[in-house]
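In this note's numbering, the protein residues as written are 3 to 284. Beta carbons: idealized from backbone N, C-alpha and C, even for Gly. Since this is a predicted model, take the numbers as computed values, not measurements.
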Amino acid sequence: METAGTMTSRTTSALHVMRDLWLRSSEAQLGLISAGVAFFGFLAIFPAVASVIAIWGAAADPELIRGQIMVLKDFLPGDAFGLLDGQVEALITANGDSVGLATILSTIFALWSARAGVDALIQGLDAAYGTSPRHGLLHAVQAMLLTIALTGVALVSILAAVIVPFLLAVLPLGPDSTRWLEVTNELLGLSVVVLGLALAYRFGPNHSAPPRPRIIPGILLSALIWMVASRGFMLYLANFNSYNKIYGSIGAVVVLMMWFWFSSYAVLLGAALNAVLPRRGQ
């Protein structure tokens, strides 16, 4: 049984960690770096979706992509999801059966934008951890490899989402099969987030020498902040939506940019937590 002194000590330690986390975030200007990550993420999302739909549509039904986009409905604000879903619908309607020049150009632009976003993310991770950033060719190669790894995680998740319904259809689940499919999709989405964070925290910062900081605390904090912030932002927009009144027709664009921003900030804040914990012997 914990004594009052032990509880007080743990509370004080937690407050110190929160203070250190706030100071690290301010000193490293994580909010400003998150804006850069959000900008390039926004640039990459639409050409990336276009290239995936075109490439996937050459071999299979592109409507499967739209089914996976629907998973984001629980995490994206309504206006932002409507913007993304509308673009996906238009791309599926216009999609042909072959991979043409437009697809290749979209893929190249998506990779460039994603690499630029990952580049900014790596700089943010180095700032959060207080490590010296890589430069030159080594930095460019690192950013591209991490981009390819994160893209691979996303593509594998799409493939898994196609395979899982067939596997569930074989199992004798009865009327609960729909519910199991929903649960599986949610777990799959969470697994993608966790794996993406693990890759970013492990291979993003320039940890030139061991021991490497633990990454689990940052993953937990980042995922928690992201889920709470997403739901809170959606609740705010549902009840006090002033973006469309202020920004008019580009309100949905602004909402999507804001979502990218606090998602990026959540990732960097998790990295900052990983950095400050070893200093306090947590």
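By the Cβ neighbour-count rule, Gly154 is exposed, with fewer than 16 other Cβ atoms within 10 Å of its own. According to the DSSP assignment, Lys247 belongs to the alpha helix (DSSP H) that extends over 245–249. Gly119 is the residue among Ile110, Phe111, Glu91, Gly119 whose C-alpha sits nearest the C-alpha of Tyr267.
Leaving aside the five residues that flank Ser232 on each side, the residues in its chain whose CB is nearer than 6 Å to its CB run, in chain order, Phe77. The Cβ atoms of Leu270 and Ala40 do not sit closer than 8 Å to each other.
When secondary structure is reduced to three states using DSSP, Leu199 falls in the helix class.
The beta carbons of Ser115 and Leu45 sit about 4 Å from each other, so the pair counts as a contact at 8 Å. Boundaries of the alpha helix (DSSP H) around Leu275: 253–278. From the listed residues Ala92, His209, Gly84, Ile47, the smallest Cα separation to Phe111 is found for Ile47. With respect to the 8 Å criterion, Gly220 and Tyr203 are classified as neighbours on the basis of their beta carbons.
Collapsing the DSSP output to three states places Pro135 in coil. Around Gly38, the same chain offers Ala122 as residues with beta carbons nearer than 6 Å, after the five sequence neighbours per side are excluded. Residues Leu190 of the same chain have their beta carbon placed closer than 8 Å to that of Ala162, with the five preceding and five following residues left out of the count.
By the neighbour-count definition (other C-beta atoms within 10 Å, threshold 16), Tyr245 is a buried residue. Collapsing the DSSP output to three states places Gly206 in coil. With a threshold of 16 other beta carbon atoms within 10 Å, Met236 meets it and is buried.
With a beta-carbon spacing of about 6 Å, Phe205 and Leu148 fall inside the 8 Å limit used to define contacts.
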